[in-house]
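Worksheet for the structure shown next.
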Amino acid sequence: MREGSTAVVSAKVLIPQVQSLARERVDALLGRIWQHRVGLVVAPAGSGKSTLLAGFASSANVPVAWYRAESWDAKTSTLLSHLQSAFTAALGPIPNGWDSVETAARALETWPGRRALLVIDDLHTLEDSPAELTLERLIDYAPPTITFLIGSRALPGFNLSRLRVSGSLLEIGSEDLRFRSWEVERLFRDFYRAPLPPEELAELARRTEGWAAGLQLFHLATRGKSPPERRRILTALGSRSRLTREYLTRNVLDQLPADLRWFLVRTCVLTRLTGPICDAFLARSASQQVLEE
Ligand SMILES: Nc1ncnc2c1ncn2[C@@H]1O[C@H](COP(=O)(O)OP(=O)(O)OP(=O)(O)O)[C@@H](O)[C@H]1O
Ligand SMILES: [Mg+2]
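For the sequence shown, the numbering used here gives the first residue as 1, with consecutive numbering after it.
Structural data, given as structure tokens:
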């Protein structure tokens, strides 16, 4: 899509259909959102944020507007056109032409319902953008019927302390999302239908630190393999940090433009990155510009 375009990508305003293991412990934490204005789920890549939000959104008994942000949605107008589309799909006909936070808030005020939820996933992609500021103002201006639920790899740049002190913020973090050992057991037995013996479960929970993507990677690597083969893979699994590197390579680096990826892969052995050091190391120029990117 053209950078900065306000055209709405409909896939981004649909609740993703996910299959997942229901976790009562985490659902109960998120279930408290109705006592707050904003729910914030902040955790590293692969922690299970989107899975949690999508499951919650599909089973909520209120209308849910869904929007998955992307870095090229940084303009206020792009954010507002996606939110207008998401809310129209969820609430039915409401005034359109959202060109400012005020218009958006007024349109939401005309909705006669009691309660609705707006989920925004991947908010970290809008870090430090005009769209992020616009969202912060919308949280301020939107009628109390609207509850906000945000998924992000990093804390938003909002004034969170104001929301915190007024008790308006529900925070869920990576420690909450981490699979406990009994949840790892249920995941393999009930969800993957590949139960593991207790000693392997304990080892897997320890090595992955309950990180959802690590558990999924292990399952993919061992599916259909014999028990000795599976044990070998478990022993070779390494630590959470190695798993994280592999996951990031697949899911984060792969999405970057080829030249930026080349730059990051070549410079990852350097402990300190400055323009001149990278230029010297790579025998090229203009590294400073890439680093600023
Ligand atoms: N409750 C669950 N049951 C089964 N699988 C799960 C569960 N939670 C997470 N997973 C799996 O773990 C992987 C990572 O989850 P998810 O995509 O939700 O993470 P994320 O925190 O949104 O990551 P990112 O920041 O990269 O978007 C996915 O493959 C997902 O299917
Ligand atoms: Mg996600």
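Glycine is no exception: its CB is placed at the ideal position from the N, C-alpha and C atoms.
{"query": "Cβ distance (whole Å) where L40 is taken to contact E171 below 8 Å", "result": "5 Å"}
{"query": "Span of the alpha helix (DSSP H) around F218", "result": "212–222"}
{"query": "As assigned by DSSP and simplified to three states, the class of I15", "result": "coil"}
{"query": "Secondary structure of V9, DSSP reduced to three states", "result": "coil"}
{"query": "Between the CA atoms of H82 and V9 - distance to the nearest angstrom", "result": "8 Å"}
{"query": "Inside the stretch 41–76 only - beta strand (DSSP E) runs reaching at least 3 residues", "result": "64–68"}
{"query": "Pairwise C-alpha distance: T125 and R137", "result": "18 Å"}
{"query": "Same chain, Cβ closer than 7 Å to D73, five either side skipped, listed in chain order", "result": "L79, H82, L126, A131"}
{"query": "Pocket of ligand 2 defined by Cβ to heavy atom distance under 7 Å", "result": "K49, S50, D121, D122, G151"}
{"query": "Status (buried if at least 16 other CB within 10 Å, exposed otherwise) for W34", "result": "exposed"}
{"query": "7 Å Cβ shell around A90 - same chain, five flanking residues per side excluded", "result": "P63, V64, A65, A116"}
{"query": "Span separating the alpha-carbon of R230 from that of L123", "result": "37 Å"}
{"query": "Endpoints, alpha helix (DSSP H) assigned at S181", "result": "181–186"}
{"query": "P44 beta carbon near ligand 1 (any heavy atom closer than 8 Å)", "result": "yes"}
{"query": "Neighbourhood of P156 by C-beta, 6 Å cutoff - its chain only, sequence neighbours within 5 removed", "result": "L123"}
{"query": "Exposed unless 16 or more other CB atoms sit within 10 angstroms - verdict on L108", "result": "buried"}
{"query": "Per DSSP, the bridge partner or partners of F148", "result": "V38, L118"}
{"query": "Buried or exposed by the 16-neighbour rule on C-beta atoms within 10 Å, applied to E199", "result": "exposed"}
{"query": "Neighbourhood of M1 by C-beta, 8 Å cutoff - its chain only, sequence neighbours within 5 removed", "result": "Since pLDDT at M1 reaches only 44, below the 50 mark, its modelled position is unreliable, and the value read off the structure follows with that caveat. Answer for M1: A7, V9, W72, listed in chain order."}
{"query": "Ligand 1 heavy atom lying under 8 Å from the CB of A57", "result": "no"}
{"query": "Rounded Cβ spacing between S20 and G55 (contact assumed at less than 8 Å)", "result": "5 Å"}
{"query": "L308, enclosing beta strand (DSSP E) - first and last residue", "result": "Any property of residue 308 remains undetermined from this structure, which presents the chain solely from 1 to 293."}
{"query": "P198 - containing alpha helix (DSSP H), residue span", "result": "198–208"}
{"query": "T134: first and last residue of the uninterrupted alpha helix (DSSP H) it sits in", "result": "130–141"}
{"query": "Under the three-state DSSP convention, the category L163 falls into", "result": "helix"}
{"query": "For V18 and A194, the rounded distance between their alpha carbons", "result": "19 Å"}
{"query": "Environment of V13 [buried if 16+ CB atoms lie within 10 Å]", "result": "buried"}
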